[in-house]
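Trainee: Supplied in C-alpha cells, the structure appears directly below.
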Amino acid sequence: MIQDIDLSNLPKHVAVIMDGNGRWAKKQGALRIFGHHHGIKAVRETVEACVELGIGYLTLYTFSTENWNRPKAEVDGIMSLLVKTIGEEIPDLHKNNVKLKCIGDLSQLPAKAKKEMEDGVEKTKNNTGMVLNLALSYSGKWDILQAVKKIAAQYKTEEINLDDINEKLFDSHLATSPDPDVDLLIRTGGDHRISNYLLWQSAYAELLFMDDIFWPEFRKNHLFDAIKTYQQRERRFGKTGEQVKDKK
Ligand code: FPP
Numbered sequence: 037m038i039q040d041i042d043l044s045n046l047p048k049h050v051a052v053i054m055d056g057n058g059r060w061a062k063k064q065g066a067l068r069i070f071g072h073h074h075g076i077k078a079v080r081e082t083v084e085a086c087v088e089l090g091i092g093y094l095t096l097y098t099f100s101t102e103n104w105n106r107p108k109a110e111v112d113g114i115m116s117l118l119v120k121t122i123g124e125e126i127p128d129l130h131k132n133n134v135k136l137k138c139i140g141d142l143s144q145l146p147a148k149a150k151k152e153m154e155d156g157v158e159k160t161k162n163n164t165g166m167v168l169n170l171a172l173s174y175s176g177k178w179d180i181l182q183a184v185k186k187i188a189a190q191y192k193t194e195e196i197n198l199d200d201i202n203e204k205l206f207d208s209h210l211a212t213s214p215d216p217d218v219d220l221l222i223r224t225g226g227d228h229r230i231s232n233y234l235l236w237q238s239a240y241a242e243l244l245f246m247d248d249i250f251w252p253e254f255r256k257n258h259l260f261d262a263i264k265t266y267q268q269r270e271r272r273f274g275k276t277g278e279q280v281k282d283k284k
C-alpha cells in the first residue's frame with residue numbers, strides 16, 4: 037500500500053531489469069513477443085507509481101547490447117513494439133511532466149525507432165518532473181567505454197590533465213549524466229545477476245530480486261512493495277552500522 041511508504045526516504049533513482057517476458061508468454065502457450073506486448077502495461081504502471089510517489093529518476097532496461105543476438109523475428113517485434121508504444125505513450129508522459137531520455141548506442145537502432153525516440157525526447161525535453169531513461173541498445177561496459185573514449189580525447193587535446201580525471205569527471209561522461217547514482221535496482225523473473233546493466237552507476241545500489249514475478253505481471257503494488265523493502269535496508273556505504281545510526 038502506498039500509505040505505508042515513508043516519503044522522506046525515497047530512492048532518488050530506481051532502475052529496473054524487466055525480465056521474464058518470454059517465460060511468462062511460454063507459460064500461456066504463446067509466442068515470446070506476446071510477453072513483450074504484455075510488458076507494456078507493467079511499464080505504464082511502474083512509471084505511474086513512480087510519478088505518484090515523486091521518484092526523481094527511473095531507468096528501464098528495455099533492450100541490451102546483447103539482445104541484438106536474439107532471433108531476428110523477436111528483435112524486429114520488440115523494435116516495432118517500441119515505435120508503437122513511444123508514439124502512443126508520449127502524450128501521457130508529457131501530461132505527467134515526465135522527461136524522456138534515451139541511453140545507449142542509438143546508432144544501432146532501426147531508423148524508425150530512432151526517430152520515434154528522438155521525437156519523444158524533443159517533445160518532453162523541458163519537462164521538470166521525473167526523468168524516464170529508456171536503456172536501449174545499452175550495456176554498462178559500453179557506457180564505461182564511451183566515457184573513457186571521451187576522456188581520452190579531452191586528454192589528447194590537453195583540455196584536461198591526468199589529475200582532472202576523478203569520479204566526478206567520469207560521472208559527467210556517462211550516458212545517464214547528470215542523473216544521480218542508482219539507489220534501488222529491481223530485477224523480476226528469478227535470475228540473480230546484473231546482466232551488464234548500470235555497472236558504474238549501481239556501485240552502491242540496493243539490489244532487489246523479485247523472484248516470483250515475471251515482468252508482465254508487475255503492477256503498482258509490486259513497486260510500492262519494493263520501495264518498502266528498500267526503506268528497511270541499512271545503507272552503510274562502507275561505514276559501520278553504529279556510525280550510520282549515530283548520524284540519524
Ligand atoms: C526481458 O524478458 C525483456 C526484454 C528483453 C524486453 C523488454 C521490453 C519491453 C517490456 C518493452 C518495453 C517498451 C518500452 C517502451 C519501455 P525476456 O525476453 O528476457 O524474458 P525471459 O527471461 O523469460 O526469456
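Note that the working numbering numbers the sequence shown so that position 86 is 122, with each residue one more than the last. Backbone N, C-alpha and C fix where the C-beta goes; we use that ideal spot for every residue, glycine too.
Judging by CA-CA distance, which residue of His72, Lys63, Pro146 is the nearest neighbour of Glu110?
Mentor: With distances taken between Cα atoms, Glu110 lies closest to His72.
Trainee: Closer than 7 angstroms to a non-hydrogen atom of the ligand FPP - does that hold for the CB of Asn133?
Mentor: No - the ligand FPP has no heavy atom lying nearer than 7 angstroms to the Cβ of Asn133.
Trainee: Whose C-beta lies closer than 8 angstroms to the C-beta of Phe352 among residues of the same chain, with five residues either side of it excluded?
Mentor: It is not possible to answer for residue 352, since the shown part of the chain is limited to 37 through 284.
Trainee: Mind checking Asn169: buried by the 16 CB within 10 Å criterion, or exposed?
Mentor: Classification for Asn169: buried.
Trainee: Kindly indicate which three-state DSSP category Phe99 falls into: helix, strand or coil?
Mentor: Here Phe99 sits in strand by DSSP.
Trainee: Only counting the same chain, and skipping five residues up and downstream in sequence, which positions put a Cβ closer than 7 angstroms to that of Ile201?
Mentor: So the qualifying residues of the chain are Ile187.
Trainee: Give the secondary structure of His72 by DSSP, where H, G and I count as helix, E and B as strand, and everything else as coil.
Mentor: Helix, per DSSP.
Trainee: Return yes when the C-beta of Gly65 is under 7 angstroms from any heavy atom of the ligand FPP, and no when it is not.
Mentor: Every heavy atom of the ligand FPP is 7 angstroms or more from the Cβ of Gly65, so no.
Trainee: My guess is that His49 and Val218 are in contact by the Cβ rule of under 8 angstroms, so how many angstroms apart are they, rounded?
Mentor: Sure, about 5 angstroms apart at Cβ, within 8 angstroms.
Trainee: Beta carbon of Ile91, beta carbon of Met166: below 8 angstroms?
Mentor: Closer than 8 angstroms, so yes.
Trainee: What separation, rounded to the nearest whole angstrom, lies between the Cα atoms of Arg255 and Asn45?
Mentor: In a straight line, the C-alpha of Arg255 is about 21 angstroms away from that of Asn45.
Trainee: Per DSSP, which residues does Ala51 bridge with? Please list them.
Mentor: The partner list for Ala51 (beta bridge, DSSP) reads Thr95, Leu221.
Trainee: Take Asp40 as the anchor and find which of Pro107, His130, Ile69, Lys264 has the nearest alpha-carbon.
Mentor: Checked all of Pro107, His130, Ile69, Lys264; the closest Cα to Asp40 is Lys264.
Trainee: Quick check: what's the CA-CA separation for Ala61 versus Met115?
Mentor: Roughly 18 angstroms between the two C-alpha positions.
Trainee: Is Tyr266 helix, strand or coil by DSSP?
Mentor: Tyr266 falls in the helix class under three-state DSSP.
Trainee: CB-CB under 6 angstroms to Ile38, same chain, minus the five flanking residues each way: which ones, in chain order?
Mentor: Phe260.
Trainee: Starting from Lys150 and walking both ways along the alpha helix (DSSP H), at which residues does that stretch end?
Mentor: Run containing Lys150: 147-159, per the alpha helix (DSSP H) assignment.
Trainee: Excluding the 5 residues flanking Ala78 on each side, which residues of the same chain have their C-beta closer than 8 angstroms to its C-beta?
Mentor: Same-chain partners within the cutoff: Met54, Trp251, Pro252, Glu253, Phe254, Arg255.
Trainee: Distance, Cα to Cα, Arg106 vs Ala211?
Mentor: Looking at the two C-alpha atoms, the distance is approximately 24 angstroms.
Trainee: Using only the alpha-carbon positions, how far apart do Thr98 and Gln190 sit?
Mentor: Roughly 31 angstroms separates the two Cα atoms.
Trainee: May I ask you to report which of helix, strand or coil DSSP gives Ile139?
Mentor: It is a strand residue.
Trainee: Select from Leu94, Arg59, Lys185, Glu154 the residue whose C-alpha is nearest the C-alpha of Leu118.
Mentor: Of Leu94, Arg59, Lys185, Glu154, the residue nearest in Cα terms is Glu154.
Trainee: Find the nearest neighbour of Ser173 within the set Lys159, Val83, Glu203, Leu96, judged by alpha-carbon distance.
Mentor: Of the candidates Lys159, Val83, Glu203, Leu96, the one whose C-alpha sits nearest the C-alpha of Ser173 is Leu96.
Trainee: Compute every distance between the C-beta of Leu259 and the non-hydrogen atoms of the ligand FPP, then say whether any falls below 7 angstroms.
Mentor: Every heavy atom of the ligand FPP is 7 angstroms or more from the Cβ of Leu259, so no.
Trainee: Could you check whether Ala262 and Leu244 sit closer than 8 angstroms to each other, using their CB atoms as the reference points?
Mentor: Taking 8 angstroms as the Cβ cut-off, Leu244 and Ala262 qualify as a contacting pair.
Trainee: In terms of DSSP beta bridges, what is Val169 paired with?
Mentor: Correcting the residue type first, residue 169 is Asn in the shown sequence and not Val. Per DSSP, Thr95, Lys137.
Trainee: With a threshold of 8 angstroms on Cβ separation, who are the neighbours of Ala275 within its own chain once the five nearest residues in sequence on each side are excluded?
Mentor: Here the sequence assigns Lys to residue 275, which means Ala is not the residue at that position. Excluding residues within five positions, none has a Cβ falling inside 8 angstroms.
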